[in-house]
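Student: Submitted below is the structure of interest, expressed as structure tokens.
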Amino acid sequence: MTVPNFDALSVGDEIPSLTTEPVSRLTLALYATGSGDHHPLHLDQDYVRSKGMPDVFAHGMLGMAYLGRQLTQWVPQEAIRSFGVRFTAITQIGERMVCTGKVVEKLEQGGEKCVRLELTCANEQGEAKHKADAVVALA
Numbered sequence: 000m001t002v003p004n005f006d007a008l009s010v011g012d013e014i015p016s017l018t019t020e021p022v023s024r025l026t027l028a029l030y031a032t033g034s035g036d037h038h039p040l041h042l043d044q045d046y047v048r049s050k051g052m053p054d055v056f057a058h059g060m061l062g063m064a065y066l067g068r069q070l071t072q073w074v075p076q077e078a079i080r081s082f083g084v085r086f087t088a089i090t091q092i093g094e095r096m097v098c099t100g101k102v103v104e105k106l107e108q109g110g111e112k113c114v115r116l117e118l119t120c121a122n123e124q125g126e127a128k129h130k131a132d133a134v135v136a137l138a
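Numbering follows numbering that gives the first Met the number 0, in which position 128 of the sequence shown is assigned residue number 127; successive positions increment by one, without gaps.
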């Protein structure tokens, strides 16, 4: 992996995007197994319908995982200094997620050259499901 160069980046530069396969029931089952989150809202269609919803939906943390994957495909995990996510909408079965990000600030923090990023995980129609910010250290 080639780490981006601090001096070569400008505020407004975009990082490489990540587009997922459509979220499926298998995606949710695998994520539930890996995360230990087996809440019936994500797995049990009968339960969800009894609560007035049409179908199961993705774990909120699944979108955070997609954003984390996007970030670690751009920089090594050890370069991440902070990573925070806000959940803004439910991710439905069948939605393909598109993760995008851009540099919003260049700064020095703890003696390191860093950039602050704004990240978004949205469906293909552009409806944001997760908004995130991250600070990463660069060479």
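Note that CB positions come from ideal geometry on N, CA and C, so glycine has one too. Quantities reported herein were computed from a predicted structural model and do not represent experimental measurements.
Could you compute how far the alpha carbon of L106 sits from the alpha carbon of N4?
Tutor: For the purposes of this step, residue 106 is identified with residue 107 of the sequence shown, where counting begins at 1. For the purposes of this step, residue 4 is identified with residue 5 of the sequence shown, where counting begins at 1. Approximately 13 Å, taken between the alpha carbons.
Student: Mind checking who R85 pairs with in its DSSP beta bridge?
Tutor: As a position in the sequence shown, residue 85 is number 86, starting the count at 1. R85 pairs with K130.
Student: Tell me which residue opens and which closes the alpha helix (DSSP H) that T19 is part of.
Tutor: Residue 19 sits at position 20 when you count from the first residue of the sequence shown. Note, T19: premise wrong, no alpha helix (DSSP H); not H, not E.
Student: Do you know how far the Cα of C98 is from the Cα of L66?
Tutor: Here residue 66 is taken as the residue at index 67 of the sequence shown, counted from 1. Here residue 98 is taken as the residue at index 99 of the sequence shown, counted from 1. Their Cα atoms are separated by approximately 6 Å.
Student: Have a look at Q69 and E13 and give me their C-alpha separation to the nearest angstrom.
Tutor: Position 70 of the sequence shown holds residue 69. Position 14 of the sequence shown holds residue 13. Cα to Cα, the separation comes out at about 12 Å.
Student: From Q55 to I92, what distance separates their C-alpha atoms?
Tutor: Counted from its first residue, the sequence shown places residue 55 at position 56. Counted from its first residue, the sequence shown places residue 92 at position 93. The residue asked about is misnamed: residue 55 is Val in this sequence, not Gln. Using only the alpha carbons, I get a separation of about 7 Å.
Student: Should K50 be labelled buried (16 or more other beta-carbon atoms within 10 Å of its own) or exposed?
Tutor: What you label residue 50 is simply residue 51 of the sequence shown in a count that begins at 1. K50 comes out exposed.
Student: Would you please state the rounded distance, in angstroms, between the beta carbons of T26 and G62? I believe it to be under 8 Å.
Tutor: Start at 1 with the first residue of the sequence shown, and residue 26 comes out as number 27. Start at 1 with the first residue of the sequence shown, and residue 62 comes out as number 63. Rounded, the Cβ-Cβ distance is 12 Å, inconsistent with contact.
Student: When the Cα of E117 is compared with those of E126, M0, E104, which residue comes out closest?
Tutor: Walking along the sequence shown from the start, residue 117 turns up at place 118. Cα-wise, what sits closest to E117 is E104.
Student: If you draw a straight line from the C-alpha of A28 to the C-alpha of V114, how long is it?
Tutor: In the sequence shown, the residue the question calls residue 28 occupies position 29. In the sequence shown, the residue the question calls residue 114 occupies position 115. Those two C-alpha atoms are separated by around 35 Å.
Student: May I ask which residues mark the beginning and end of the beta strand (DSSP E) holding V114?
Tutor: Here the question's residue 114 lines up with position 115 in the sequence shown. Segment 111–122, the beta strand (DSSP E) holding V114.
Student: Which of helix, strand or coil does DSSP assign to L216?
Tutor: Absent from the model: residue 216. The displayed extent of the chain is 0 to 138, so no value can be given.
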